[in-house]
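> Mind looking over this structure? Questions follow.
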Amino acid sequence: MDKKTPRRTRREESLSKERIIEAAIDILDRSGESGLTFRALSDMLATGPGAIYWHIDNKDDLLTAACDAIVARTVQAGASGAAPRDAIRALALDLFDAMEAHPWAGAALIRAGGQLPVVRVLECLGRQVQALGVPPQAQWLTVSALLHFILGVGGQNAANMQRVCGDDVARGDLLDQVAAAWSRLSPADYPFARSMAGQLRIHDDRADFLAGVDLILNGIGVIAAQA
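As structure tokens, then:
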């Protein structure tokens, strides 16, 4: 049936796009991206694939919509009235936590490119960067640096979480294995990596992420002061 045809069945009307997206998020959280199929979605919603296709064109669109729902909640839950620097830190941490809670969303966000989930984050960061007094000619580069750091590091952490869960290996055990491998590297070729082996075992991903955000924010402060 042509999507533009106004006539719908009662079954199609009762199945909203929001219900489909929520069901997709549930499947993604439990089974990951590979578990999200229109058959699984149809079974969960007790409907036929045709009713789902009325609202969603394909799996890529569904992933983007599910990712956007997670981002929209995260953005809306952010602290209102906070100073620009604090607002950026809070948004960054909220997104990091959201990607950790929904590991599939990290990869989906990176693939979303210029689509709505990324635009939501871009808009929030951009407004705060403007409020910090960054001159117009430096705003794009500044927001891009923040955006790519947040999505890149948050997405990588989410990927690591999926790997740990998939391999059924505790995070501490995995870090011990990597640290042990680093400590055996050639001291002539990898002096820095060897020296970091001990810190790798005890580092906190969330704290490291926030420290990186602060480094960027400190640089933004310098740019704003020079304007």
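Per my numbering, numbering through the sequence shown is continuous, rising by one, with the last residue being 243. A virtual CB, placed ideally from N, CA and C, is assigned to each residue, including glycine. All figures in this text were calculated on a predicted structure; none of them were measured in a lab.
Quick check: what's the CA-CA separation for residue 188 versus residue 143?
38 Å
> How many Å lie between residue 129 and residue 164 at the Cα?
11 Å
> Of the residues 227, 61, 175 and 99, which one's Cα is nearest the Cα of residue 121?
Cα-wise, what sits closest to residue 121 is 175.
> Where does residue 72 sit, in a helix, a strand or coil, going by DSSP?
coil
> Beta-carbon within less than 7 Å of residue 149's beta-carbon, same chain only, minus the 5 sequence neighbours each way: which residues are those?
240 and 243
> Counting C-beta neighbours from all protein chains within 10 Å, is the total for residue 72 16 or more, i.e. buried, or is it exposed?
buried
> Once you ignore the five residues that flank residue 80 on each side, which residues in its own chain have a CB closer than 6 Å to its CB?
128 and 131
> I'd like the list of long-range same chain contacts for residue 151, defined as Cβ closer than 7 Å, with 5 residues on each side in sequence excluded.
Only residues of its own chain outside the window of five on either side were considered, and among them 243 have a CB closer than 7 Å to the CB of residue 151, listed in chain order.
> By Cβ distance, which residues of its chain are closer than 6 Å to residue 114, with the 5 residues on each side in sequence left out?
86 and 90
> Closer than 7 Å by C-beta to residue 199: which residues in its own chain qualify, once you throw out the five before and the five after it? Chain order, please.
210 and 213
> I need the DSSP call for residue 164, collapsed to helix, strand or coil.
helix
> Could you pull out every residue in the same chain whose Cβ sits closer than 6 Å to the Cβ of residue 112, ignoring the five residues on either side in sequence?
170 and 225
> Would you identify the three-state DSSP class for residue 145, choosing helix, strand or coil?
In the structure shown, residue 145 sits in a helix (DSSP, three-state: H, G or I).
> Could you compute how far the alpha carbon of residue 65 sits from the alpha carbon of residue 74?
11 Å
> Below 8 Å on the Cβ atoms is my contact criterion, and I expect residue 36 with residue 56 to pass it. Report the Cβ-Cβ distance as a whole number of Å.
Rounded to the nearest angstrom, the Cβ distance from residue 36 to residue 56 is 12 Å, too far for a contact under 8 Å.
> In angstroms, rounded to a whole number, what distance separates the CA positions of residue 161 and residue 59?
42 Å
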